[in-house]
DNA sequence: TTAGGTATTATTGTATACACGGATGCAGAG
DNA sequence: CTCTGCATCCGTGTATACAATAATACCTAA
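Protein chains in written order, with the numbering used here: chain P, 2 to 216; chain S, 2 to 216.
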């Protein structure tokens, strides 16, 4: 499962910067230079540049004559990403049900179990990480590398965007309950039901992030 | 419209390699080294590496202990990408109709005009380029950067994949006719019809690429 | 005082040098 | 003949030096 090579500085810088951009540490419109990032991160320009090229590819940053401008994602981006997820997450769910192995099912089940555990602890950080895992397990098991590569970045950005949305315990609770419902439908190999539950889950997540109201 | 900066070697290498991978010049499973690419392209490792990082991000290549392995896209990838397009190209079409300006419409119209022109000439290269433009104009005008960023790479890869599919004059003719039909529905601001025409277009493209038969 | 031009600076683009790690091949011992 | 260990080589990861370009600030002249 693990890559043969140890994580390079390039990769670390990429993930570090991506997290900082998505979490809002760098504000939209802010301009940073390569050298500034080098001194902040304590590495040379080579890994910084390679990370920036990847962030550029994801349109999280933009080149300007004065340096690199942070773009991040906007509320509209969030809605657009959710709209796309509403259309194709269905494919992932159906693929997962069709390809499901006992190991896949157990892994997904475990993720939800942990979520319920950390919910009782009010451990928001673990909850958010597990939320990511839940969906990524489905992506990884859907049988389509393309679909995985399309959905995973969207969900990653969405998740960071609503960073604060899951802080409220009630919302986290509903989210976990929805995961449980999806899992049950998947376990029953009822693809139609699982898809419908997933659709509701995404729509609720949009509501949670936008107006903070529960259905 | 043009970027403020001239195209860098990094970008050129990236596009060059991407084209060569998608067109099949590098076969799937083939292993290349950075130095080999450097001497082939006549540049140093820096731009080559930056290009490779981006190709890696798109899962067109893979790192191995012996060098960089070319992955490219498989027939299944092609189907998966088409399946995704079937679901979200609709969003782009609706967005384009909703945001359409006279300039947008003209640009799209011109693309189809040119296609009909080059069709009479049997100029396959121009036809393929214009096919790409047609869809990218829609992506660019759909009002969603996220949607554009999601669809454009898919279409780019799909287009290169069926590289040879448009060689046959009859198929090219049908494709252009379908573009004309989509354009007419868009011009009439009939989003539902445009979406339906687009759906047919994508499904026909799948058939054309896979079994080479026309509907 | 203002406008214009030049010099300086700041930042990126590219090449290259160095270091590290794994794979490979050869040699020697069993 | 085979297996193991060591040395060498090959390839990548990282740092840094150098070049080019564009912005900025300053100085001078009208």
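Heads up, the beta-carbon is just placed ideally off N, CA and C, and yes, glycines get one too.
Does any residue of chain S bring its CB to less than 7 Å from the CB of residue i?
{"i": "residue 60 of chain P", "result": "yes"}
{"i": "residue 3 of chain P", "result": "At residue 3 of chain P the pLDDT is 44, less than 50, meaning the model places this residue with poor confidence; the figure from the coordinates comes in the next sentence. No, because no Cβ of chain S sits closer than 7 Å to the Cβ of residue 3 of chain P."}
{"i": "residue 83 of chain P", "result": "no"}
{"i": "residue 187 of chain P", "result": "no"}
{"i": "residue 51 of chain P", "result": "yes"}
{"i": "residue 32 of chain P", "result": "no"}
{"i": "residue 159 of chain P", "result": "no"}
{"i": "residue 95 of chain P", "result": "no"}
{"i": "residue 46 of chain P", "result": "no"}
{"i": "residue 216 of chain P", "result": "Only weak support exists for where residue 216 of chain P lies, its pLDDT of 40 falling under 50; the coordinates are left without a value."}
Mind checking which residues open and close the alpha helix (DSSP H) that includes residue i?
{"i": "residue 64 of chain P", "result": "Taken as a continuous stretch (DSSP letters only), residue 64 of chain P belongs to no alpha helix (DSSP H), being part of the beta strand (DSSP E) at 62-65."}
{"i": "residue 71 of chain P", "result": "Where residue 71 of chain P is concerned, there is no enclosing alpha helix (DSSP H), although the beta strand (DSSP E) it sits in stretches over 68-71."}
{"i": "residue 83 of chain S", "result": "76-100"}
{"i": "residue 196 of chain P", "result": "192-211"}
{"i": "residue 106 of chain S", "result": "103-122"}
{"i": "residue 133 of chain S", "result": "125-141"}
{"i": "residue 147 of chain P", "result": "146-162"}
Can you find the residues in the same chain that come closer than 6 Å, C-beta to C-beta, to residue i, ignoring five residues on each side of it along the sequence?
{"i": "residue 108 of chain S", "result": "138"}
{"i": "residue 58 of chain S", "result": "none"}
{"i": "residue 32 of chain S", "result": "67, 68, 70"}
{"i": "residue 34 of chain S", "result": "68"}
Using a Cβ cut-off of 7 Å (strictly closer), state whether residue i contacts chain P.
{"i": "residue 36 of chain S", "result": "no"}
{"i": "residue 78 of chain S", "result": "yes"}
{"i": "residue 210 of chain S", "result": "no"}
{"i": "residue 207 of chain S", "result": "no"}
{"i": "residue 163 of chain S", "result": "no"}
{"i": "residue 200 of chain S", "result": "no"}
{"i": "residue 203 of chain S", "result": "no"}
{"i": "residue 29 of chain S", "result": "no"}
{"i": "residue 88 of chain S", "result": "yes"}
{"i": "residue 1 of chain S", "result": "Because chain S spans 2 through 216 in this model, residue 1 of chain S falls outside it and cannot be assessed."}
Excluding five sequence neighbours on each side, which residues of the same chain lie with their C-beta closer than 7 Å to the C-beta of residue i?
{"i": "residue 180 of chain P", "result": "113, 116, 135"}
{"i": "residue 2 of chain S", "result": "With a pLDDT of only 40 at residue 2 of chain S, under the threshold of 50, the placement of this residue in the model should not be trusted; the figure read from the coordinates follows. For residue 2 of chain S, where only same-chain residues beyond five positions count, there are no Cβ hits under 7 Å."}
{"i": "residue 11 of chain P", "result": "48, 51, 52"}
{"i": "residue 159 of chain S", "result": "79, 82, 83"}
Among the residues of its own chain, which have a CB less than 8 Å from the CB of residue i, if the five just before and after it don't count?
{"i": "residue 56 of chain P", "result": "15, 18, 19, 22, 62"}
{"i": "residue 155 of chain S", "result": "82, 85, 86"}
{"i": "residue 199 of chain S", "result": "90, 91, 94, 183"}
Kindly provide the ranges of any alpha helix (DSSP H) runs that are 4 or more residues long and lie completely inside the stretch 14-52 of chain P, ordered along the chain.
-> The qualifying runs are 35-42.
Name the residues in the stretch 124-157 of chain S whose C-beta lies less than 7 Å from a C-beta of chain P; which are they?
-> Only 145, 146, 147, 148, 150, 151 from the stretch 124-157 of chain S bring a Cβ to less than 7 Å from some Cβ of chain P.
Along the stretch 173-186 of chain P, what residues have a CB closer than 7 Å to any CB found in chain S?
-> Per Cβ criterion, the list is empty.
Taking only beta carbons into account, state which residues of the stretch 92-117 of chain P come closer than 7 Å to chain S, listed in chain order.
-> Under the 7 Å Cβ criterion, the stretch 92-117 of chain P contributes 92.
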